[in-house]
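Below: the structure, in structure tokens.
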Amino acid sequence: MADEGNVISDLNLGNGEDTAPAAGIISQYVKDLSVENPNAPQSFSWQDEPQIEVQFNIGARQIDGEVHEVELKIMCASKGPQGTAFAVELAYAALVGMRNLEEGQAHAFLYAEAPRILFPFARRVVADAVRDAGFAPLMLEPIDFNGLYIQQIQAQQQADAAQGEPVGHA
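Structure (structure tokens):
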């Protein structure tokens, strides 16, 4: 016996067409992983404080219609006076499905929200790779992808305005 107003009856599944905006992760995967331990076993006994370098990049491309691939690339290395202890390069990707989103919303999902969702999984892959190379796991600090996205959009708008191009036009 179904109650009125429950989740199933509120979905209006009988209308045949779903036109509501939707976006989500279909699947995620390691696309490429490289781990280098170039100075082992000597690097295990180095006493100097290493410099940890971390870089990341986000890319997105349309696969087919409503499906896109978002790729989060993370490069990190531990370097000291004696040389490089380890270097890890990871391309962690996801297939993203989007339907009925405005262009601005779709762009924000691909370049801010999807990387935010992927980051904890990519972070674990990096930590495990560094641990498996013989070092203490590297726990990357959380990244504010939404804040960085807004900064990038504002910087682009300022650059466009400085060139005399109307703001909001690509």
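First residue of the sequence shown? That's 3 in the working numbering, and the numbers climb one at a time after it. Think of the CB as a built atom: it goes at the ideal place given N, C-alpha and C, for glycine as much as any other residue.
query, result
"Keeping to the same chain, check which residues put their C-beta closer than 8 Å to that of T21; ignore five residues upstream and five downstream.", "N102"
"What span of residues does the beta strand (DSSP E) with A25 cover, start to end?", "A24 to E38"
"Between the beta-carbon of A131 and the beta-carbon of V37, is there less than 8 Å?", "yes"
"Check whether the stretch 66-85 touches the stretch 45-55, counting contact only when three or more Cβ pairs, one atom from each stretch, lie closer than 8 Å.", "yes"
"With a 10 Å radius around its C-beta and 16 neighbouring C-beta atoms as the bar for buried, classify M141 as buried or exposed.", "exposed"
"Could you spell out where the alpha helix (DSSP H) holding I152 opens and where it closes?", "F147 to A164"
"What separation, rounded to the nearest whole angstrom, lies between the Cα atoms of Q165 and F147?", "27 Å"
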